[in-house]
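Here our numbering runs 23 ahead of the position in the sequence shown, where the first position is 1.
Think of the CB as a built atom: it goes at the ideal place given N, C-alpha and C, for glycine as much as any other residue.
Because the structure is a prediction, the values reported are computed rather than measured.
The structure appears right after this line, and notes come after that.
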Amino acid sequence: MKKTIFFALAILSLTWGCQKQPAEQVKLTGTILNADTLLVRFIEGRNADTITLAADGGFVYEKEMTQSISGNLVVDRKNIPIYLVPGKELILTVDYADWDNTLAFDGDLKAVADYLIDKSKVQREWSRGLRAQYLKEPTDYRASRDSLTEVFHSMLNAKKLEAGFDQDFAEIESLSIQFTQIMDMKNYVSAHQYYTEKDTVILPDNWNSLEEGIDLNHPMLVNVPAAMSYLSNNVNNQAQKEAGLTGDLWGKPDFLAAKFNYIQKTFTSPELIENLMYRELSQQMDANGIGGIGDQLQAYYALAKNSDQLTEIKTTVAQWEAIQPGKPAPDFKVVDMQGVEHTLAEYRGKYVYIDFWATWCGPCKIEIPHLKDLYEEYKDSNLAIMSISVDRDKSAWEKMVTEEGFSWLQFHDATMENDKYIVKYIPTFVLIGPDGNIINCRAPRPSEPELKIVLEGLNISGSLDQ
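The structure is reproduced here in structure tokens:
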């Protein structure tokens, strides 16, 4: 049976943490038996390189880079952690049918590859007992988590003494081990409450001791995902506190402004400032587009050095500009419960309120009673209310619509038409005018009072209010 292989690579050094090298080829070669294609995806970007395996399973992946890259080779349900360095080669061989007994490495980066595999095995065993770990009281969990960190450091310290072990990787990996434990301990609190059904957790005085003395401007932190998550959490918490913001701040421009202010006054490392700005801008645009964030975009543009991330931000901005108020709403094709195809164009002449949702989405289901009320109020008007499911399992959507008896328009998006509206999170609501132009591509939710204000300001005829 043929397998599809995804090769996920994150840019590790981003040209900052390690000394920048002249552009050279990173090289991954080898043989993967019982597989078909190799898709290379850079996690920090949105581009992909595709490699076709030879008839015998052989492949060669080469790319000109100025810095090391790290990520995961995903073969069906199997994962291989990979680290590549410009000017060096890693050779991989594996037979999918006999994975554990055949996976092997050779070449310049063999020692690092072997370490990553050994570490992943330990991590996998820990993850299998994660629920039991979360059920432990804080002191016991801390002791157990400390032991795991000690194992990782011991493995790394032993391996980095081997000839040819990449020392830049060793430094970054040491930071990664430290910050992964810090983030695990932060996640423990909510997980412990969930599994034990406790309202509060009393933590020992030394719970946050790992955070003491952290250099927030360490240049290599940009290379450590766990460290960047830690810094982002701090930015969110401190910015909210200092700006005195309350309520639901997700996707709110004033919250982004507060975060940018905090970043600029707290950090001195240009690399960290840029990377944090990039992360916050990406999240903001995914959530709520580009409205009200012009100052933050200009602040980022003024200091951006990473060309890949800058290009990604500018590309995303251009995509959002195409669906701003007054722009023609992209047409789409969806199917109803009978399998009949419909398009947005069919509703020209009406206001259209679209709900992108899924049956498995808790926040989506919270909005359903409010959608019912909205439909009852406007069912005799020129406002068409439609819910478009993005469920992969079409039968789950059909079952829920049938059981709940939803009266308003119900469609299923089987071909990712929602991408035209940059739907990254659900529920997402869109409001379109009778002229076919966008009024708001991130309209208020039915549960939000702002929606009623918006609708009352439109020329909606025939509603029960009139």
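Quiz item: In whole angstroms, what separates the C-alpha of Ala327 from that of Asn257?
Solution: As a first step, residue 327 must be located in the sequence shown, where it is residue number 304. As a first step, residue 257 must be located in the sequence shown, where it is residue number 234. A straight-line Cα-Cα distance of about 22 Å links Ala327 and Asn257.
Self-check item: Backbone secondary structure at Thr351 - three-state DSSP
Solution: Taking the sequence shown and counting its residues from 1, one reaches residue 351 at position 328. Correcting the residue identity first, residue 351 is Pro in this sequence and not Thr. In the structure shown, Pro351 sits in a strand (DSSP, three-state: E or B).
Practice problem: Reducing DSSP to helix, strand and coil, say where Lys86 ends up. | Solution: For this step, residue 86 is matched to residue 63 along the sequence shown. Residue state, collapsed to three classes: strand.
Exercise. Quick one: using the 10 Å Cβ neighbour count with 16 as the cut-off for buried, is Gly456 buried or exposed?
Key: In the sequence shown, residue 456 corresponds to position 433, counting from 1. The residue in question, Gly456, is buried, as its Cβ has 16 or more Cβ neighbours within 10 Å.
Quiz item: So Asp436 and Ile411 are in contact, right, with Cβ under 8 Å, and what is the actual spacing, rounded?
Solution: Within the sequence shown, residue 436 is the residue found at index 413, counting from 1. Within the sequence shown, residue 411 is the residue found at index 388, counting from 1. Contact flag correct, Cβ pair sits at about 5 Å.
Quiz item: With distances taken from CA atoms, which of Tyr119, Glu471, Arg151 and Leu139 is nearest Glu390?
Solution: Along the sequence shown, read from residue 1 onward, the residue named residue 390 stands at position 367. Sorting Tyr119, Glu471, Arg151 and Leu139 by C-alpha distance to the C-alpha of Glu390 places Glu471 at the top.
Exercise. Could you check how far apart the C-beta atoms of Phe82 and Ile105 are, in whole angstroms? I think they sit under 8 Å.
Key: Start at 1 with the first residue of the sequence shown, and residue 82 comes out as number 59. Start at 1 with the first residue of the sequence shown, and residue 105 comes out as number 82. Not really, about 13 Å apart at Cβ, beyond 8 Å.
Quiz item: DSSP state of Glu294, grouped into three classes?
Solution: To locate residue 294, count along the sequence shown from 1; it is residue 271. Residue state, collapsed to three classes: helix.
Practice problem: Have a look at Lys144 and Phe188 and give me their C-alpha separation to the nearest angstrom. | Solution: Position 121 of the sequence shown, counted from the first residue, corresponds to residue 144. Position 165 of the sequence shown, counted from the first residue, corresponds to residue 188. Near 20 Å, if we compare the C-alpha coordinates of Phe188 and Lys144.
Quiz item: Just reading off the alpha helix (DSSP H) that His435 is part of, what are its end residues?
Solution: Residue mapping note: residue 435 aligns to position 412 of the sequence shown, counting from 1. If you look at His435, you'll find it isn't in any alpha helix (DSSP H); it sits in the beta strand (DSSP E) that goes Leu432 to His435.
Quiz item: Smallest Cα separation from Glu421: which of Trp383, His393, Thr203 and Leu454?
Solution: Within the sequence shown, numbered from 1, the residue matching residue 421 stands at position 398. Here the closest residue by C-alpha is Trp383.
Quiz item: Considering only residues of the region 384-446, which uninterrupted alpha helix (DSSP H) runs meet the minimum length of 4 residues and lie entirely inside it, listed in chain order?
Solution: 385-401 and 417-427
Quiz item: What three-state label does DSSP hand Glu265 in the structure shown?
Solution: By 1-based counting over the sequence shown, the position of residue 265 is 242. Residue state, collapsed to three classes: helix.
Quiz item: Where does Lys282 land, buried or exposed, given buried means 16+ other C-beta within 10 angstroms?
Solution: The residue labelled residue 282 in the question sits at position 259 within the sequence shown. Lys282 should be labelled buried.
Quiz item: Any idea if Tyr370 is buried or exposed, counting beta-carbon neighbours within 10 angstroms, 16 or more meaning buried?
Solution: Counting from one through the sequence shown, the residue named residue 370 turns up at place 347. Its Cβ being crowded by 16 or more others within 10 Å, Tyr370 is buried.
Practice problem: List in chain order: all unbroken alpha helix (DSSP H) runs of 4+ residues lying wholly within the region 147-223. | Solution: Whole alpha helix (DSSP H) segments, 4+ residues: 153-158, 161-182 and 190-219.
Practice problem: Only counting runs of 3 or more residues, tell me where the beta strand (DSSP E) segments fall wholly within the region 331-375, in order along the chain. | Solution: 356-358 and 364-366
Exercise. Under 6 Å Cβ to Cβ from Thr203, same chain only, skipping five residues before and after it: list those, please.
Key: Stepping through the sequence shown from its first residue, residue 203 is reached at position 180. Answer for Thr203: Ala249, listed in chain order.
Exercise. Pull up the DSSP beta-bridge partners for Ile114, would you.
Key: Sequence index remark: in the sequence shown, residue 114 carries index 91 (1-based). In the DSSP output, where bridge partners are listed per residue, Ile114 has Thr52 and Asp129.
Quiz prompt | CB of Val413 within 8 Å of CB of Ala368, strictly | solution = Residue numbering aside, residue 413 sits at position 390 when the sequence shown is read from its first letter. Residue numbering aside, residue 368 sits at position 345 when the sequence shown is read from its first letter. Taking the C-beta atoms as reference points, Ala368 is found no nearer than 8 Å to Val413.
Quiz item: Looking only at C-alpha atoms, which of Ser430, Glu426 and Thr425 sits nearest to Glu400?
Solution: The sequence position of residue 400 within the sequence shown is 377, counting from 1. Of Ser430, Glu426 and Thr425, the residue nearest in Cα terms is Ser430.
Exercise. Would you give the residue range spanned by the beta strand (DSSP E) that Val477 belongs to?
Key: Against the sequence shown, residue 477 aligns to sequence position 454. That residue, Val477, is in no beta strand (DSSP E); its alpha helix (DSSP H) goes Pro472 to Glu479.
Quiz item: Cα separation between Ser486 and Val247?
Solution: For this step, residue 486 is matched to residue 463 along the sequence shown. For this step, residue 247 is matched to residue 224 along the sequence shown. Legend: pLDDT at Ser486 = 48, less than 50; position of this residue unreliable, value from coordinates given subsequently. Straight-line Cα distance between these residues: approximately 55 Å.
Exercise. Please list, in chain order, all residues of the same chain as Tyr84 whose beta carbon is under 6 Å from its beta carbon, the five residues on each side excluded.
Key: Here residue 84 corresponds to residue number 61 of the sequence shown, with the count starting at 1. Excluding positions up to five away in sequence, the list reads Leu51 and Ile74.
Practice problem: Go ahead and pull the three-state DSSP assignment for Thr382. | Solution: Stepping through the sequence shown from its first residue, residue 382 is reached at position 359. Correct three-state label for Thr382: coil.
Exercise. Keeping to the same chain, check which residues put their C-beta closer than 8 Å to that of Val446; ignore five residues upstream and five downstream.
Key: On the sequence shown, residue 446 is found 423 positions in, with the first residue counted as 1. So the qualifying residues of the chain are Phe379 and Val413.
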